[in-house]
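*Asks:*
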Amino acid sequence: MKFDYGKIKDPAFFAQNRVKAHSDHHYYKNHRELAEKNESFRQNLNGLWKFQYARNLAEAPAGFEAEDFDCKGWEDIRVPAHIQMEGYDKPQYVNVQYPWDGHEAIEPGEIPTQFNPVASYVKYFTVPENMQGKRLFVSFQGVESGFALWCNGSYVGYSEDTFTPSEFELTSYLKEGENKLAVQVFKWTSGSWCEDQDFFRFSGIFRDVYLYSIPDTHVSDIRIKTILNDTYDRGNLEIVLEAIGNGKVELILTRQGEEAARTEVEIKDGQSTVVELTIEQPALWSAEQPNLYNLMIQVTDNQEQLQELIPQRVGFRRFAIEDGIMKLNGKRIVFKGVDRHEFSSRRGRVPNHDELLRDIVTMKRNNINAIRTSHYPNDSALYALCDEYGLYLIDECNMETHGMWDMVGRGVWPIEKALPGDRQEWKDLLLDRVNSMYQRDKNHPSIIIWSCGNESFGGSVIYEMSKLFHALDDTRLVHYEGVCNDRRYNDTSDMESRMYPSAAYVKDFLQKDRSKPYLLCEYTHAMGNSCGGMHKYTDLTDEEPLFQGGFIWDYIDQSIYHKDRYGKEVLGYGGDFDDRPCDYNFSGNGIAYGGERMPSPKMQEVKFNYQNISIQIQDDQFTVINKNLFTNTDVYDCKISLTLDGRQIADTKVDIGVEPLSQQTYQLPRWRYLTPWSKEEPWMATDAGEYVVTVSFVLKEDTLWAQRGHEVAFGQGIYEIEAPQQRNPQSYMKVTDGTYNLGIKGEHFEVLFDKGGKGLVSYVYGGREMIKAIPKPNFWRAPTDNDNGNQMPFRYGQWKLASMYQLNGIPGSKEPNPVIVQETDKVTVTYTYYLPTTPESSCEVAYTVTGDGTVHTALSYDPPKGIHDMPEFGMLFKFDADYENLTWYGYGPAETYCDRERGGKLGIYQNKVADNIAQYLVPQECGNHTHVRRASITDNLGRGMEFSGKELSFSALPYTPHELENAMHSYELPPVYYTVVRVALQQMGVAGDDSWGARTHEEYLIDVTRPLKLEFDFKGI
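Remember, the working numbering sits 52 above the position in the sequence shown when you count from 1.
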């Protein structure tokens, strides 16, 4: 039998001679191997393979698979790996468009011929002694996107589905001694039309490859099904075993070392055997409490000789729509989820175990309870981790035809061109993908929803996929978002699923249509500095029972390490690899950075909005609302602390036991310290200040994902006690009214104002000049990805000009600028700046200097009628970069914005100025802190400048907004010369409903229909 290369472009040809898909269980020869996790039935083929690259099929090495074709002189390549990460071809990132668009005009099913890389692999191997004489198979866990296989020159088979295993029997092709395995991988096949996901386009053998043998009596497939009664106090475990050979199976179910059930059955070759076990009072599985049982399957032959041991984890849980609502074990579930591409900045879609584990741990630590495997089956290791650590999964089939349905959805193409739509020639390929994913993943309790795929419009073929899921599995629901664009087959999805509507839209929709529970499979698009207004969605889950949460797009930036022109390792995105077409940095949507997978500042907000315990503090009480489905708050320590002006003065620990899905109110402690809610006598001046009480829930014991003391939820209450007004004695000031400058000198300071209208030109404190440039009004921020997506720079561009090119006087005007008012204990100098806006406008900056060196600053602006919104209203200062240390009393520790500040905790924080540059893929606005009462920048000797005011918006960065805006990558930013401080009344919110048009919500814009005034003080220290 020969391989027919012409069939690569036939949608009906997607597998040949492939072994039937089966469960992903492991099996061991004996108890010692099981304990050591040493599978002698497997022989790993990962490592170096011989390799040759060709740009297309015509240039590929003909006949390389032949037994006498010597490939040992070829280059070596690592397996598993993408060839694009190993120096062949190049990474290409596209979102909607197909990667060959504009290069070759082809129709669905056809494949590019001029450029369609072919990777030819060869592995020489010898069959291990313990496998000789046994049936031998080879397993490819993931190959992108299609491949043909030969053994010792004979054609073995073909497979296309990139993300599920492809296995072939090699027994009849083997010989004694050295064998030759030849693989030819095609970057694009007909199946690639259904793999148009929003990701880097790679190819090659990118998951594990191994040989495996089977014993004479073998369980080839296992299906686990748990059935719970309506009171959840009895569970039936149904186990279906597919057998090769005859023998017996003993099944022992245990939990935490205690036996729960045991039975023994006979198995017969080629037949299915159904086993049932009953468990009283089963420990149920959920993300909160991922209780797992261990099922040991011991297989013996008819001579009672042990053939294999199969360990299988079992989780008892029931997930269904009850009373119109999705419920887990009888409780309404809220998905606090994230979409996750499988990605590593060093290896592409080949994350190692440490990276997988880091993702899981980070999610658990930040109250994320669900993952959607967008948009393909992930490596099997992920599912086992989700079972163990506790995360709900939507397991998504490998189907996306975005480049086709986009044109149909916009009305450019007729519905008949939708892919797969109603095209029957694509049905078998996609049903095969459904079956392959189901069979591999079916026994993981973490999977509670199957998904047909992503962004592929609708039609009868996808409906058939949904029907197959239901036919295979009656314990899970089926999801598909695309039916909202094609209601002909509305039953394709068991829930109403949408992408990126506003929270207001969701609320309005459910007031009109309550036929299905509502889920957002993608929302709060986290591209760059984003996730503004996320709380509107999470608040709605508390208000509307049918709205059951969603999945943030997405978890991690898809960025790739490469070398810049100077040999430095940097992170790149689409276009950095000369890949065209491309969609540039649109792959940078993560709440975690690429590279080392660290949480971005957005994660702070995610953690708070997703916390399962809400704390409301009012007067002398606090209310604990326990949103957990199954967990009492008594498993956590509740800590209460009290600070005065940011410094802790008292703390205690209390026992709080609130049942799941209930709430309870408690009295705040009455410490021996004065507290705002317990003081009965009049306050003294020494008692005055800002008191903050923080109620925090932390882990009482170590868990798999965090140590004891890790905070899972918090709430704060703020109490202000005003001091009696006191008049402080003023220090002596000397005022020198010069021809060109006005000088003011005190004991430790000297200030100089330009009398020609420029502004404050000098502030000397302790003998050191502090400012490097004249402070100026600032109305601009470096546009965020959301700003660029909604055309903010186009709409608000005049405010960039107003920040850069303001005039300090109108030519010919006789109006004094500045206006100087000298009083006994202070001097006020007021400048007017004329702004290049339409309509014309101006602002005033008034500096009032007092004898201790404090400069009270007031920026005033009376907007003319018809003026556009501005991104920021504040002042910009430049200091020497030696002032590299930042301390602030405000919201932190991560950056906050007016529409993304719920996760900020009021306190005192310190970092380096450079630390406030967020590592978004494209430099943009970052590092802002809201509700700042005071902040200081200092050098390493403690000298610097302190700012204070009432709930300021404050940032200290090494760059101006304009420098950030000019860079496309962080490595393009200039050398650091300054510390740039921006003090603002407000900066507009960062938005985040989506990143291609959704604007900042109106309540988070700067209101330019009324006069604006910013007031703050600064003083040398």
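For each residue, glycine too, the CB sits at the ideal point set by N, CA and C. Please read these numbers as outputs of a predicted model, since none were measured by experiment.
Could you compute how far the alpha carbon of Pro169 sits from the alpha carbon of Trp245?
*Replies:* The residue labelled residue 169 in the question sits at position 117 within the sequence shown. The residue labelled residue 245 in the question sits at position 193 within the sequence shown. Approximately 16 angstroms between the Cα atoms of the pair.
*Asks:* Within a Cβ cutoff of 6 angstroms, which residues of the same chain sit near Leu928, ignoring the five residues on either side of it in sequence?
*Replies:* In the sequence shown, the residue the question calls residue 928 occupies position 876. Cβ within range, chain order: Lys828, Asn830 and Arg1034.
*Asks:* Could you tell me the distance, in whole angstroms, from the CA atom of Ile643 to the CA atom of Ile349?
*Replies:* The residue you call residue 643 lines up with position 591 of the sequence shown. The residue you call residue 349 lines up with position 297 of the sequence shown. Cα-Cα distance, rounded: 41 angstroms.
*Asks:* Between Tyr883 and Glu896, how many whole angstroms is the CB-CB distance? I'm expecting something under 8 angstroms.
*Replies:* Position 831 of the sequence shown, counted from the start, is the residue given in the question as residue 883. Position 844 of the sequence shown, counted from the start, is the residue given in the question as residue 896. With a Cβ gap of about 7 angstroms, Tyr883 and Glu896 count as contacting.
*Asks:* Label Trp1048 either buried or exposed according to how many other C-beta atoms from any shown protein chain fall within 10 Å of its C-beta, with 16 as the threshold for buried.
*Replies:* Taking the sequence shown and counting its residues from 1, the one referred to as residue 1048 is at position 996. By the 10 Å Cβ count, Trp1048 comes out exposed.
*Asks:* DSSP three-state call for Asp560: helix, strand or coil?
*Replies:* Within the sequence shown, residue 560 is the residue found at index 508, counting from 1. Asp560: helix per DSSP, three-state reduction.
*Asks:* Exposed or buried, what is Phe66 when buried is set at 16 or more other beta-carbons lying within 10 Å of its beta-carbon?
*Replies:* Counting from one through the sequence shown, the residue named residue 66 turns up at place 14. Buried.
*Asks:* Look up Arg424 in the DSSP assignment and say whether it is helix, strand or coil.
*Replies:* Translated into the one-based positions of the sequence shown, residue 424 becomes position 372. Reduced to three states, the DSSP call for Arg424 is strand.
*Asks:* Could you check what DSSP says for Pro1013 in three-state terms: helix, strand or coil?
*Replies:* On the sequence shown, residue 1013 is found 961 positions in, with the first residue counted as 1. If DSSP states are grouped into helix, strand and coil, Pro1013 belongs with the helices.
*Asks:* Does the segment 624 to 639 come within contact of the segment 135 to 145, defined as at least 3 CB pairs closer than 8 angstroms?
*Replies:* yes
*Asks:* Any idea which residues DSSP pairs Phe1070 with across the strands?
*Replies:* Working through the sequence shown from its first residue, we reach residue 1070 at position 1018. Phe1070 is bridged to Val907 and Phe999.
*Asks:* Could you pull out every residue in the same chain whose Cβ sits closer than 6 angstroms to the Cβ of Glu318, ignoring the five residues on either side in sequence?
*Replies:* Translated into positions along the sequence shown, residue 318 becomes position 266. Correct list, in chain order: Lys300.
*Asks:* According to the Cβ coordinates, are Phe1070 and Met997 closer than 8 angstroms?
*Replies:* Indexing the sequence shown from 1 puts residue 1070 at position 1018. Indexing the sequence shown from 1 puts residue 997 at position 945. It is a contact, given that the beta carbons lie within the stated cut-off.
*Asks:* Let me know the secondary structure DSSP gives Trp240 once reduced to three states.
*Replies:* On the sequence shown, position 188 is the one that residue 240 refers to. If DSSP states are grouped into helix, strand and coil, Trp240 belongs with coil.
*Asks:* Please list the terminal residues of the continuous alpha helix (DSSP H) segment that includes Gln355.
*Replies:* Translated into the one-based positions of the sequence shown, residue 355 becomes position 303. No alpha helix (DSSP H) contains Gln355, which DSSP labels as neither H nor E.
*Asks:* Under the three-state reduction of DSSP, which class applies to Lys54: helix, strand or coil?
*Replies:* Looking up residue 54 in the sequence shown gives position 2. Residue state, collapsed to three classes: coil.
*Asks:* For Phe121, which option in Glu763, Thr755 and Cys203 has the closest C-alpha, if you only look at C-alpha atoms?
*Replies:* Within the sequence shown, numbered from 1, the residue matching residue 121 stands at position 69. Comparing Cα positions, the closest option is Cys203.
*Asks:* So is Trp579 buried or exposed if we call it buried at 16+ other beta carbons inside 10 Å?
*Replies:* Here residue 579 refers to the residue found at position 527 when the sequence shown is read from its first residue. Sequence check: residue 579 is Met here, not Trp. Buried: at least 16 other Cβ atoms inside 10 Å.
*Asks:* What whole-angstrom Cβ distance do Gly903 and Tyr1029 have, given they're in contact under 8 angstroms?
*Replies:* Mapped onto the sequence shown, residue 903 falls at position 851. Mapped onto the sequence shown, residue 1029 falls at position 977. The Cβ separation is near 33 angstroms, so there is no contact.
*Asks:* Excluding the 5 residues preceding and the 5 following Tyr264 in the sequence, name in chain order all residues of the same chain whose CB lies nearer than 7 angstroms to its CB.
*Replies:* Numbered from 1 along the sequence shown, position 212 holds the residue referred to as residue 264. For Tyr264, same chain residues with a beta-carbon under 7 angstroms away, outside a window of 5 residues either side, are Phe93, Arg94, Phe189 and Ser191 in chain order.
*Asks:* Determine which residues share a DSSP beta bridge with Val535 and list them.
*Replies:* As a first step, residue 535 is located in the sequence shown; it is residue number 483 there, counting from the start. DSSP, once it has assigned bridges, lists no residue as partnering Val535.
*Asks:* Could you name the residues that DSSP lists as bridge partners for Ala171?
*Replies:* Within the sequence shown, numbered from 1, the residue matching residue 171 stands at position 119. Its beta-bridge partners are Tyr105 and Val237.
*Asks:* Measure from the alpha carbon of Asp594 to the alpha carbon of each residue in Gly58, Val530 and Lys559, then state which is nearest.
*Replies:* Counted from its first residue, the sequence shown places residue 594 at position 542. With distances taken between Cα atoms, Asp594 lies closest to Lys559.
*Asks:* Out of Val907, Thr675, His393 and Phe199, which has the shortest C-alpha to C-alpha gap to Tyr815?
*Replies:* Counting from 1 along the sequence shown, the entry for residue 815 is found at position 763. Out of Val907, Thr675, His393 and Phe199, Val907 has the C-alpha closest to the C-alpha of Tyr815.
*Asks:* Near Asp951, what residues of its chain come up, given a Cβ to Cβ distance below 6 angstroms and the 5 sequence neighbours on each side ignored?
*Replies:* Translated into positions along the sequence shown, residue 951 becomes position 899. For Asp951, where only same-chain residues beyond five positions count, the Cβ hits under 6 angstroms are Gly584, Gly585, Gly1041 and Tyr1056.
*Asks:* Would you say Gly955 and Glu657 are within 8 angstroms of each other, going by their C-beta atoms?
*Replies:* Here residue 955 refers to the residue found at position 903 when the sequence shown is read from its first residue. Here residue 657 refers to the residue found at position 605 when the sequence shown is read from its first residue. The answer is yes: Cβ separation under 8 angstroms.
*Asks:* Going by the DSSP bridge assignment, what does His981 pair with across the sheet?
*Replies:* For the purposes of this step, residue 981 is identified with residue 929 of the sequence shown, where counting begins at 1. His981 is bridged to Phe1006.
*Asks:* At a cut of 8 angstroms, does the segment 285 to 301 reach the segment 317 to 334 through at least three beta carbon pairs?
*Replies:* yes
*Asks:* Mind checking which residues open and close the beta strand (DSSP E) that includes Ser396?
*Replies:* As a first step, residue 396 is located in the sequence shown; it is residue number 344 there, counting from the start. Where Ser396 is concerned, there is no enclosing beta strand (DSSP E), given that its DSSP letter is neither H nor E.
*Asks:* Please name the residue, chosen from Ala933, Ser1000, Lys852 and Gly709, that lies closest to Asp697 on a Cα-to-Cα basis.
*Replies:* For the purposes of this step, residue 697 is identified with residue 645 of the sequence shown, where counting begins at 1. The shortest Cα separation from Asp697 among Ala933, Ser1000, Lys852 and Gly709 belongs to Ser1000.
*Asks:* Taking DSSP as the reference, what is the three-state secondary structure of Asn528?
*Replies:* Looking up residue 528 in the sequence shown gives position 476. Note that residue 528 is Arg in the sequence shown, not Asn. Of the three classes helix, strand and coil, the one that applies to Arg528 here is coil, per DSSP.
*Asks:* Any chance you could list the beta strand (DSSP E) runs of at least 3 consecutive residues sitting entirely within the segment 190 to 227, in chain order?
*Replies:* 198 to 203, 206 to 211 and 218 to 221
*Asks:* For Val879, which residues in the same chain have their Cβ closer than 8 angstroms to its Cβ, ignoring the five residues on either side in sequence?
*Replies:* Counting from one through the sequence shown, the residue named residue 879 turns up at place 827. Hits under 8 angstroms: Met785, Val787, Leu794, Ile796, Ile872, Val873, Thr900 and Val901.
*Asks:* Which full runs of the alpha helix (DSSP H) of 4+ residues lie inside the segment 445 to 532, going along the chain?
*Replies:* 454 to 461, 479 to 493 and 512 to 524
*Asks:* Within the 8 angstroms Cβ cut-off, does Phe801 reach chain B?
*Replies:* Going by chain labels, chain B is absent from the structure shown, which holds only one protein chain.
*Asks:* Got a sec, what are the start and stop residues for the alpha helix (DSSP H) Ala433 sits in?
*Replies:* Working through the sequence shown from its first residue, we reach residue 433 at position 381. Segment Ser432 to Tyr441, the alpha helix (DSSP H) holding Ala433.
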